[in-house]
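S.K.:
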Amino acid sequence: GTKHGCELGECGTCTVLVDGEPVLSCLALPIAIEGRQITTVEGMAEGGELHPLQQAFAELGAAQCGYCTPGILLTAQALLDETPTPTRDEIKEALAGNLCRCTGYTKILDAVELASMRMGARK
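Going by the numbering used here, the sequence shown opens with residue 4, and the numbers climb by one from there.
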C-alpha cells in the first residue's frame, strides 16, 4: 500500500488519489480531505482483475524493489484518466515528482505507454 517516504513532499512515495487527483499524503491535512474519495493502490484493481497499469508494470518489470511503485501507479492512473493517450514527455512530466532509486525510469515509462494503449483498445 501507500508508503512512508520523506515526510517533506519531495519523493512522491506517499501519493494517493483524492477525488481522482494525486495528493502527497504526507502533506495532506486530514481535515482537508475528510469526506472525500481517497484511493490507494489497493483500490486500483476492479473485479479481481489488475488495473492495466498494474499488469503492464508486472509484465515489463517496471518495478524493482517496489517501494515507490504505489505512488507511481496512482500518479499514472490520474494522468491516464485525464489524458488517455499521453505523449512520453507528458508521462515524464506527470511522474516528475515520483522518485525511484532502483530503475532508470525507462521501463516505467514503457509500462505507462503500454497501459495507455491497452486501455484505449478496451473502449
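We put the CB at the ideal spot given by N, CA and C, even for glycine.
Quick caveat, the model's predicted, so the values are computed rather than measured.
May I have the straight-line CA-CA distance separating residue 80 from residue 70, to the nearest angstrom?
M.R.: Whole-angstrom Cα-Cα distance: 17 Å.
S.K.: Rounded to the nearest angstrom, how far is the Cβ of residue 63 from that of residue 114, given a contact under 8 Å?
M.R.: About 5 Å; that satisfies the 8 Å criterion.
S.K.: Could you please give the first and the last residue of the uninterrupted alpha helix (DSSP H) stretch that includes residue 77?
M.R.: Element bounds for residue 77: 72 to 85.
S.K.: Say whether the stretch 103 to 121 touches the stretch 31 to 45, bearing in mind that this needs 3 or more beta-carbon pairs closer than 8 Å, one atom from each stretch.
M.R.: No, they do not touch.
S.K.: So residue 38 and residue 27 are supposed to be a Cβ contact under 8 Å. How far apart are they, rounded?
M.R.: Incorrect: roughly 19 Å between the Cβ atoms, too far for contact.
S.K.: Could you tell me the boundaries of the alpha helix (DSSP H) in which residue 62 lies?
M.R.: Per DSSP, residue 62 belongs to the alpha helix (DSSP H) from 55 to 63.
S.K.: Which one of 29, 54, 75, 89 has the shortest CA to CA distance from residue 104?
M.R.: Comparing Cα-Cα distances from residue 104 to each of 29, 54, 75, 89, the minimum goes to 75.
S.K.: Just curious, the alpha helix (DSSP H) that residue 37 is in, first and last residue?
M.R.: Premise fails: residue 37 is in no alpha helix (DSSP H) and is neither H nor E.
S.K.: With a 10 Å radius around its C-beta and 16 neighbouring C-beta atoms as the bar for buried, classify residue 78 as buried or exposed.
M.R.: Under this definition residue 78 is a buried residue.
S.K.: Among 67, 90, 101, 41, which residue has its Cα nearest to the Cα of residue 22?
M.R.: Of the candidates 67, 90, 101, 41, the one whose C-alpha sits nearest the C-alpha of residue 22 is 41.
S.K.: Quick one: residues in its chain with C-beta nearer than 6 Å to the C-beta of residue 30, no 5 flanking neighbours on either side, listed in chain order?
M.R.: Once the five neighbours on either side are set aside, the close Cβ partners of residue 30 are 12.
S.K.: Tell me, to the nearest whole angstrom, how far the beta carbon of residue 86 is from that of residue 93; I am working on the premise that it is less than 8 Å.
M.R.: With 8 Å as the limit, residue 86 and residue 93 qualify as a contact, their Cβ atoms being about 6 Å apart.
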